[in-house]
Amino acid sequence: MYVKAQLLLGLSMLLAISFVACGFALASGEPDWGPTATWATLAGSLALCVFTFVRAVQMARAALK
1 MYVKAQLLLG LSMLLAISFV ACGFALASGE PDWGPTATWA TLAGSLALCV FTFVRAVQMA
61 RAALK
């Protein structure tokens with residue numbers, strides 16, 4: 001169970017990196033994938049990042065009990 005929490009935490013970190021990269025792409029003016037796809041990736045990565053982080057913390061706490 002603890003290993004699954006670590007994997008989810010790693011996924012959360014990758015999603016956070018994706019979120020920041022999309023933010024930089026939008027700030028640069030003209031994103032490579034176009035604004036619509038970049039905004040969709042930005043929103044999706046933020047939502048999934050928060051979900052996977054919270055779930056990883058819950059699983060890690062449950063494994064330590």
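Using our numbering, you'd call the opening residue of the sequence shown number 1 and step up by one each time.
No residue lacks a Cβ here, since even glycine has one placed at the ideal position from N, Cα and C.
Closest to residue i by C-alpha separation, out of the options, would be which residue?
i	options	result
Leu14	Ala63, Phe53, Gln58	Phe53
Val20	Leu46, Gly10, Val50, Lys65	Leu46
Might you give, ordered along the chain, the residues of its own chain that have their beta carbon closer than 7 Å to the beta carbon of residue i, omitting 5 neighbours on each side?
i	result
Ala5	Ala56, Met59, Ala60, Ala63
Ser12	Cys49, Thr52, Phe53, Ala56
Tyr67	Look at the range of the chain in this structure, 1 to 65, and you will see that residue 67 is not part of it.
Quick check on the burial criterion: 16 or more other C-beta atoms within 10 angstroms. Buried or exposed for residue i?
i	result
Pro31	buried
Leu7	exposed
Excluding the five sequence neighbours on either side, which residues of its own chain have a C-beta within less than 8 Å of the C-beta of residue i, listed in chain order?
i	result
Pro35	Leu26
In chain order, what residues of the same chain lie with their CB nearer than 6 Å to the CB of residue i, ignoring the 5 residues before and after it?
i	result
Leu9	Ala56
If residue i sits next to residue j, beta carbons under 8 Å apart, how far is it from one beta carbon to the other, in whole angstroms?
i	j	result
Ser18	Thr41	7 Å
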